[in-house]
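Report on the following structure.
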Amino acid sequence: MNAEFINPFVAALLNVLKTMAQIELVPGKPKKKTDERAYGDVSGLIGMVGDNVQGSLSISFQEELVLEIMEKMLGEKPDTIDSDVKDMVGEITNMICGGAKNELDKKGYDFGMATPIVVSGKDHSVHHQVDGKKMVMPFSHPSGKMFLEMCFNK
Numbered sequence: 008m009n010a011e012f013i014n015p016f017v018a019a020l021l022n023v024l025k026t027m028a029q030i031e032l033v034p035g036k037p038k039k040k041t042d043e044r045a046y047g048d049v050s051g052l053i054g055m056v057g058d059n060v061q062g063s064l065s066i067s068f069q070e071e072l073v074l075e076i077m078e079k080m081l082g083e084k085p086d087t088i089d090s091d092v093k094d095m096v097g098e099i100t101n102m103i104c105g106g107a108k109n110e111l112d113k114k115g116y117d118f119g120m121a122t123p124i125v126v127s128g129k130d131h132s133v134h135h136q137v138d139g140k141k142m143v144m145p146f147s148h149p150s151g152k153m154f155l156e157m158c159f160n161k
């Protein structure tokens, strides 16, 4: 996976969380991922399909961080991951993918986006729909971590 393709997703993630929730994340070092175990407690997964690219994106949040994002975005902090938190994770996933899509369109990558799927629970799995290399990039915040996973046929 090349940086030209990944960087728009990282930039969109940082922008969405800073703009919508006043959350500033510190990016970690990306690495290959070989299993399907999610590193967070709730994950949004979205597929992307186009003539020259197929792939999927997953954003996985640890519980404390996602609850803080919920409080900053909507003014209420639930005690646990509930249906409202899951809806918010789906919306954040959609906004990040949409922001990256706008940048990638300018570089000749045209793709459509599916409706996000949200999965939660300790040690849940994220099943990417494409056979390709998987990459995971951690982000940290005082409230917890989140993880950006990408899988593309590129």
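Residue numbers for the sequence shown follow my numbering, so the first one is 8 and each next one is one higher. Idealized CB from N, CA, C, for every residue including glycine. Quick caveat: nothing in here was measured; it's all calculated off a predicted structure.
Buried/exposed call for residue 132, threshold 16 Cβ in 10 Å: Residue 132 is exposed by the Cβ-count criterion.
What's the gap between the Cα of residue 64 and the Cα of residue 86? Distance between the alpha carbons of residue 64 and residue 86 is about 27 Å.
So, helix, strand or coil for residue 73, using DSSP? Residue 73: helix per DSSP, three-state reduction.
Residue nearest to residue 45 in terms of C-alpha spacing, selected from 25, 151, 69 and 60: Out of 25, 151, 69 and 60, 69 has the C-alpha closest to the C-alpha of residue 45.
Count the other CB atoms within 10 Å of the CB of residue 156; is the residue buried (16 or more) or exposed (fewer)? Taking all protein chains in view, the Cβ of residue 156 is crowded by 16 or more other Cβ atoms within 10 Å, so the residue is classified as buried.
Cα-Cα, which of 54, 96 and 72 is closest to residue 136? Ranking the options by Cα distance to residue 136, first place goes to 54.
According to DSSP, simplified to helix, strand and coil, what is residue 125? Correct three-state label for residue 125: strand.
Beta-carbon within less than 6 Å of residue 107's beta-carbon, same chain only, minus the 5 sequence neighbours each way: which residues are those? So the list reads 15, 16 and 19, once near-sequence residues are dropped.
Whole angstroms are fine: how far does the CA of residue 49 sit from the CA of residue 134? Straight-line Cα distance between these residues: approximately 14 Å.
List the whole-angstrom C-beta distance separating residue 159 from residue 34, where the pair is believed to meet the contact cut-off of C-beta under 8 Å. Not really, about 19 Å apart at Cβ, beyond 8 Å.
Does DSSP put residue 63 in a helix, a strand or coil? When DSSP states are grouped into helix, strand and coil, residue 63 belongs to the strand group.
Could you give the distance in angstroms between the alpha-carbon of residue 43 and the alpha-carbon of residue 76? Linking residue 43 to residue 76 through their CA atoms gives a straight-line distance of about 25 Å.
Endpoints, the alpha helix (DSSP H) within which residue 49 is located: For residue 49, no alpha helix (DSSP H) run applies; the uninterrupted beta strand (DSSP E) run containing it begins and ends at 49–56, by DSSP.
Ignore the nearest five residues each way along the sequence and tell me which others in residue 164's own chain have a CB closer than 7 Å to its CB. Residue 164 lies beyond the range of the chain shown here (8 to 161); nothing can be said about it.
Under 8 Å by Cβ, that's how I've got residue 47 and residue 154 pegged, so tell me the actual separation to the nearest angstrom. With a contact defined as Cβ atoms closer than 8 Å, residue 47 and residue 154 qualify at about 6 Å.
Separation of residue 100 from residue 144, as counted between CA atoms: C-alpha separation (whole angstroms): 15 Å.
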